[in-house]
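In full-length UniProt numbering, the protein residues as written are 1 to 352. Note that beta-carbon positions come from the ideal geometry of N, C-alpha and C, so glycine has one too. Note that the structure is a prediction, hence the values are computed from the model and not measured.
Following this line, the structure appears as structure tokens:
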């Protein structure tokens, strides 16, 4: 039996009478309800993205709701922003690097190879040694191709002629940071003096460390410079093929025949051939170190063939070399215009 008395509900049982404060229970329920949580919208898994509607495609792009995807979208938009390009160097007058010293040639008669760089690089001139930049591949190529039994440091460059019958020189004497800082006229006017070195020292092979150097010399060989006419090598019809990265490198179709003062051929080294390898500068990316070593190895093989007499040079064009005392003075304004145009290959290569 239950009865209400002054707001209290009295429950009678067979054992005891329990009196429960109804208002206290309501207060407790009200207190608990303050900590309850309800979702305003049905909960949705973040993995299930809603498909874009037509209004979304017509309107402005909105960022994802989740912070992680918002950051990803910001990263993508930032990545699409083009970075400023590094400005290329142009011609630098000789006085720009007048504080640097010229490098000494290391040459002697009848070398196996006379290596010719474009001009001394800044670090090479600063340290006083050829190919002194630690990123330059020249010394590694020399060793890995078999020219030297061990890796020679740049500080031992002067030992190459006496120890390995290898010489070092440059087309242009003055140093610079990049090859682009030399003018086409400056390179063209340096060719006669360089060819006179070849005539004097009579190496078996002149190896140009950079195709741009060879293009400058080849133009001089093909153009009338002063009173000497330079022949053009014979051309043969060839099928058009896709140019590989080794196009233009290797042995060239020219030879210089050395004679004595009375016109007789000199006994030991009678011919000088011309070979081209890529620039060994670490900034040249068209050929990586293994590619350069491969071409240096081919050069080493050609030297061996010349020594054994197994190399046939009959089809090569003969070029005339003049010594210093025979070299005519040619004013700059009389140089053929073709010599004063810099090829794209020259622009692309960096000085060592």
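Can you name, in chain order, every residue of its own chain whose Cβ lies under 7 Å from the Cβ of residue 150, other than the five neighbours on each side?
Your numbering for residue 150 matches position 150 in the chain shown. Excluding sequence neighbours, residue 150 sits near 143.
Where does the unbroken beta strand (DSSP E) through residue 271 begin, and where does it stop?
Taking the first residue of the chain shown as position 1, residue 271 is located at position 271. That run of the beta strand (DSSP E) goes 271 to 277.
Tell whether a beta-carbon distance below 8 Å holds between residue 106 and residue 182.
As a first step, residue 106 is located in the chain shown; it is residue number 106 there, counting from the start. As a first step, residue 182 is located in the chain shown; it is residue number 182 there, counting from the start. No. Outside cutoff.
Along the chain, where does the alpha helix (DSSP H) containing residue 289 start, and where does it finish?
Taking the first residue of the chain shown as 1, we reach residue 289 at position 289. Looking at the DSSP string, the run of the alpha helix (DSSP H) that includes residue 289 is 289 to 308.
Compute the Euclidean distance between the alpha carbons of residue 197 and residue 290, then round it to the nearest angstrom.
For this step, residue 197 is matched to residue 197 along the chain shown. For this step, residue 290 is matched to residue 290 along the chain shown. Whole-angstrom Cα-Cα distance: 31 Å.
Do you know offhand how far residue 145's Cα is from residue 112's?
As a position in the chain shown, residue 145 is number 145, starting the count at 1. As a position in the chain shown, residue 112 is number 112, starting the count at 1. The straight-line gap from Cα to Cα measures roughly 14 Å.
Could you check how far apart the C-beta atoms of residue 119 and residue 175 are, in whole angstroms? I think they sit under 8 Å.
Position 119 of the chain shown, counted from the start, is the residue given in the question as residue 119. Position 175 of the chain shown, counted from the start, is the residue given in the question as residue 175. The pair is a contact, with the Cβ atoms about 6 Å apart (cut-off 8 Å).
Run through DSSP, which three-state label would residue 27 get?
The residue labelled residue 27 in the question sits at position 27 within the chain shown. Looking at residue 27 - three-state DSSP - the assignment turns out to be helix.
With a Cβ-Cβ cutoff of 8 Å, do residue 250 and residue 311 count as a contact?
By 1-based counting over the chain shown, the position of residue 250 is 250. By 1-based counting over the chain shown, the position of residue 311 is 311. Not in contact: residue 250 and residue 311 (Cβ atoms no closer than 8 Å).
CA-CA distance, residue 186 and residue 201?
As a working note, residue 186 is residue 186 in the chain shown. As a working note, residue 201 is residue 201 in the chain shown. C-alpha separation (whole angstroms): 23 Å.
Can you give me the Cβ contacts of residue 158 inside the same chain, cut-off strictly under 6 Å, excluding the 5 residues immediately before and after it?
Position 158 of the chain shown, counted from the start, is the residue given in the question as residue 158. Result list for residue 158: 106, in chain order.
Who are residue 208's beta bridge partners in DSSP?
Along the chain shown, one-based indexing puts residue 208 at 208. The partner list for residue 208 (beta bridge, DSSP) reads 116, 276.
Three-state secondary structure (DSSP) at residue 132?
On the chain shown, residue 132 is found 132 positions in, with the first residue counted as 1. Coil.
Can you tell me where the beta strand (DSSP E) with residue 249 in it begins and where it stops?
What you label residue 249 is simply residue 249 of the chain shown in a count that begins at 1. It is not in any beta strand (DSSP E) - residue 249 carries neither H nor E in the DSSP assignment.
Sort 252, 246, 129 by Cα distance to residue 153 and report the nearest one.
Counting from one through the chain shown, the residue named residue 153 turns up at place 153. The shortest Cα separation from residue 153 among 252, 246, 129 belongs to 129.
Can you tell me whether DSSP reads residue 259 as helix, strand or coil?
Within the chain shown, numbered from 1, the residue matching residue 259 stands at position 259. Correct three-state label for residue 259: strand.
Hey, how far is the Cα of residue 293 from the Cα of residue 140?
Taking the chain shown and counting its residues from 1, the one referred to as residue 293 is at position 293. Taking the chain shown and counting its residues from 1, the one referred to as residue 140 is at position 140. Going from the Cα of residue 293 to the Cα of residue 140 covers about 8 Å.
Would you mind working out which of 173, 309, 298, 260 sits nearest residue 276, comparing C-alpha positions?
Position 276 of the chain shown holds residue 276. Comparing Cα positions, the closest option is 298.
Per DSSP, what kind of secondary structure is residue 315 in: helix, strand or coil?
Numbered from its first residue, the chain shown carries residue 315 at position 315. Coil, per DSSP.
Should residue 220 go down as buried or exposed, given a rule of 16 or more other Cβ atoms within 10 Å for buried?
Taking the first residue of the chain shown as 1, we reach residue 220 at position 220. Classification for residue 220: buried.
If you draw a straight line from the C-alpha of residue 190 to the C-alpha of residue 100, how long is it?
Here residue 190 refers to the residue found at position 190 of the chain shown. Here residue 100 refers to the residue found at position 100 of the chain shown. When rounded, the distance between both Cα atoms is 19 Å.
Since residue 406 is in the alpha helix (DSSP H), which residue starts that stretch and which ends it?
An answer regarding residue 406 cannot be provided, because it is not within the stretch 1 to 352 covered by the chain.
Is the Cβ of residue 132 closer than 8 Å to any Cβ of chain B?
This model lacks chain B altogether; it includes just one protein chain.
Would you call residue 135 buried or exposed, if buried means 16 or more other Cβ atoms sit within 10 Å of its Cβ?
Sequence index remark: in the chain shown, residue 135 carries index 135 (1-based). So residue 135 counts as exposed.
Tell me whether the beta-carbon of residue 321 lies closer than 8 Å to the beta-carbon of residue 215.
Numbered from its first residue, the chain shown carries residue 321 at position 321. Numbered from its first residue, the chain shown carries residue 215 at position 215. It is not a contact, given that the beta carbons lie outside the stated cut-off.
Would residue 245 and residue 286 qualify as a contact pair, given that the criterion is a beta-carbon distance under 8 Å?
Position 245 of the chain shown, counted from the first residue, corresponds to residue 245. Position 286 of the chain shown, counted from the first residue, corresponds to residue 286. Yes.
Only counting the same chain, and skipping five residues up and downstream in sequence, which positions put a Cβ closer than 6 Å to that of residue 257?
As a working mapping, residue 257 is identified with position 257 in the chain shown. 271, 318, listed in sequence order.
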